[in-house]
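**Q** After the structure tokens below, expect a handful of questions from me.
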Amino acid sequence: MDIDIYSPDSYTSGIPHEQFAWLRANAPVYWHAHPDGGGYWVLSRHADVTAVSRDFKTFSAQRGFVMVDEMPPDILTMTQSQLLGMDPPQHGPIRRAVISRFTSRMLAALEPRVREIARGVMESARCGDPVNFVDDLAGDLPTAVICSLLDIPEDMWPQIRRWSDLQTSGTDPDLGGTPEEVTQASIDMGTYGFQLASERKGRGGDDLITLLIDQEVDGHTVSEMEFASLFVQLTVAGNETTRSLISAGMHELLKRPALYQQLLAEPAGLPQAVEEMLRWTCPLHYFRRTATCDTEVGGQKIAEGDRVVMLYSSANFDEEVFASPLDFNIRRDPNPHLAFGHGIHLCLGANLARMEARVFFEEFFRAFGDGIEAVGEPVFIRSNNIHGFKQMPVVLTRAA
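Okay, structure coming up:
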């Protein structure tokens, strides 16, 4: 098979399942050419992705960051200050600082606010005419939730979303900008985060910024500069991935009206259904690691310095782990998907995203019942990293 899973054009119709299935069956550790003249190893099986995710000593996130493309030294240095691009020991204290604020108790206390935001989204949605479900419904909730958590002024929310879109969708001509604009968006966003941290340090507020910047973990206090990088990661992840989950999850239900009606009648089944939406939609296709020494994966020798790409959207359809993986099964159990990654870099906001998706569907069902109709095929973001829609035309009708 002619394998090309680097080109963003390979993803404009969704996950390239045929290529991924061939890789899992024939070349689970596959050397893939890169346009820079080098190459990288692609891991397509669940077991290999999981093993590399766990072995942070052999496979570093910090050495080359998490994107497959090599970065200029100055940009790499900037990205390595993000939690996503840190290895231990720098990684641990900052992650624990954030995790301590995303407790089950905090999420339970936050749910009424998330529900209030979701109801506002439903109330403002236009009915009777086509709307873009991605921007007009699915995108509003996560932006509002993360910005509310951080107590960002509401007039800044559109700017936060624009900065986020530039950084995640730079290869899509409809959403991204020039490489210079993408870099500038990251710098501007980090600068804004630094400014917020500086303003709130020692003020005794109860927003997430103040709680993070004022606490000490393992003798380490999160600095304003560390928070600036963390701010970029929290806001970008809090926007894009949850928007993709909600949009693609709704699309799969609309393609299967019986499942939609099942959840409409029994919304208690939503938590399990959300797990299948996560497996199926997998908001990120991959993250990269860099080998810190000569090693081996799946019997294949890997040299120190080699790039290793963990293909989550292939691992989530591994026939060795998931029965009938191409069936969208909202009662799948167990469901050990890797949509949130694995190991020490497991997504910090995983349970927040789960709660947002559940509340969104509960409030959507309450407001619209089965009053939603797809009026066109969704259009995917042109990206080899982000798996999500940029357009999903629907018509809404409010429940009687």
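Those letters in the sequence shown? Residues 108 to 507, per this note's numbering, in order. In this text, a Cβ means the ideal position worked out from N, Cα and C, and glycines have one as well. Computed from a predicted structure; not experimentally measured.
1) DSSP three-state call for E323: helix, strand or coil?
2) Once DSSP output is grouped into helix, strand and coil, what is the label at M108?
3) With H, G and I counted as helix, E and B as strand and the rest as coil, what does DSSP make of Q291?
4) For a test of the three-state rule: what should DSSP assign to A128, helix, strand or coil?
5) Does the beta-carbon distance from R395 to V415 come in below 8 angstroms?
6) Starting from the N-terminal side, write out each stretch of the alpha helix (DSSP H) that is 4 residues or longer and does not extend beyond the stretch 416-455.
7) For D314, which residues of its own chain have a beta-carbon under 8 angstroms away from its beta-carbon, when the five flanking residues on both sides are left out?
8) Identify which residue in Q266, V289, W270 has its Cα closest to the Cα of G277.
9) Verify whether the separation of the beta carbon atoms of S420 and V241 is less than 8 angstroms.
10) Using only CA atoms, which one of F435, T184, T402, V228 lies nearest to R386?
11) I believe L455 touches F209 by the beta-carbon criterion, under 8 angstroms. Please report the beta-carbon distance rounded to the nearest angstrom.
12) Taking only three categories from DSSP, how would you classify L257?
13) Is I493 helix, strand or coil by DSSP?
14) Relative to the alpha-carbon of G483, which residue among P249, I112, P500 has its alpha-carbon at the smallest distance?
15) In the DSSP assignment, what residue or residues form a beta bridge with V136?
16) Could you tell me which of I479, A507, F487 sits nearest to L244, measuring between CA atoms?
17) Who are the near neighbours of V428 in its chain, counting only those whose CB is closer than 6 angstroms to its CB and skipping five residues on each side?
18) Excluding the 5 residues preceding and the 5 following R64 in the sequence, name in chain order all residues of the same chain whose CB lies nearer than 7 angstroms to its CB.
19) A204 to E382, Cα distance in whole Å?
20) Helix, strand or coil: how does DSSP classify I201 here?
21) Which residues does DSSP pair with G121 in a beta bridge?
22) Since G450 and S160 should fall inside the 8 angstroms C-beta cutoff, what is the C-beta to C-beta distance between them, to a whole number of angstroms?
23) Can you find the residues in the same chain that come closer than 7 angstroms, C-beta to C-beta, to A446, ignoring five residues on each side of it along the sequence?
**A** On the basis of the data shown:
1) If you number the sequence shown from 1, residue 323 lands on position 216. Looking at E323 - three-state DSSP - the assignment turns out to be strand.
2) Position 1 of the sequence shown, counted from the first residue, corresponds to residue 108. When DSSP states are grouped into helix, strand and coil, M108 belongs to the coil group.
3) Taking the sequence shown and counting its residues from 1, one reaches residue 291 at position 184. Collapsing the DSSP output to three states places Q291 in a helix.
4) In the sequence shown, the residue the question calls residue 128 occupies position 21. Helix.
5) Residue 395 sits at position 288 when you count from the first residue of the sequence shown. Residue 415 sits at position 308 when you count from the first residue of the sequence shown. A contact, by the Cβ cut-off of 8 angstroms.
6) Every unbroken stretch of the alpha helix (DSSP H) spanning 4 or more residues and falling wholly within the stretch 416-455 is given here in chain order: 419-422.
7) In the sequence shown, the residue the question calls residue 314 occupies position 207. Residues of the same chain with a CB within less than 8 angstroms of the CB of D314, apart from the 5 flanking positions on each side, are L256, L257, D258, R307 in chain order.
8) Counting from 1 along the sequence shown, the entry for residue 277 is found at position 170. Answer by Cα proximity: V289.
9) Along the sequence shown, one-based indexing puts residue 420 at 313. Along the sequence shown, one-based indexing puts residue 241 at 134. Taking 8 angstroms as the Cβ cut-off, S420 and V241 do not qualify as a contacting pair.
10) The sequence position of residue 386 within the sequence shown is 279, counting from 1. Measuring from the Cα of R386, the nearest candidate turns out to be F435.
11) For this step, residue 455 is matched to residue 348 along the sequence shown. For this step, residue 209 is matched to residue 102 along the sequence shown. Right, the Cβ-Cβ distance comes to about 6 angstroms (below 8 angstroms), so this counts as a contact.
12) For the purposes of this step, residue 257 is taken as residue 150 along the sequence shown, with counting starting at 1. The DSSP-derived three-state label of L257 is coil.
13) Stepping through the sequence shown from its first residue, residue 493 is reached at position 386. Judged by DSSP in its simplified three-state form, I493 adopts strand.
14) Here residue 483 refers to the residue found at position 376 when the sequence shown is read from its first residue. Between G483 and the set P249, I112, P500, the nearest pair of CA atoms involves P500.
15) As a working note, residue 136 is residue 29 in the sequence shown. L150, per the DSSP bridge assignment.
16) By one-based count along the sequence shown, residue 244 stands at place 137. Taking only the C-alpha atoms, the option nearest L244 is I479.
17) As a first step, residue 428 must be located in the sequence shown, where it is residue number 321. Here the set comprises H153.
18) Only positions 108 to 507 of the chain appear in this structure, which leaves residue 64 out of reach.
19) As a first step, residue 204 is located in the sequence shown; it is residue number 97 there, counting from the start. As a first step, residue 382 is located in the sequence shown; it is residue number 275 there, counting from the start. Taking the straight line joining both Cα atoms gives about 26 angstroms.
20) In the sequence shown, counting from the first residue as 1, residue 201 sits at position 94. In the displayed model, I201 falls within a helix according to three-state DSSP.
21) Residue 121 sits at position 14 when you count from the first residue of the sequence shown. DSSP output for G121 lists T119 as bridge partner(s).
22) Translated into the one-based positions of the sequence shown, residue 450 becomes position 343. Translated into the one-based positions of the sequence shown, residue 160 becomes position 53. Contact holds; Cβ gap of about 4 angstroms.
23) By 1-based counting over the sequence shown, the position of residue 446 is 339. Sequence-distant Cβ neighbours of A446 in its own chain, meaning closer than 7 angstroms and more than five residues away, are L385, R386, C389, P390, Y419, N423.
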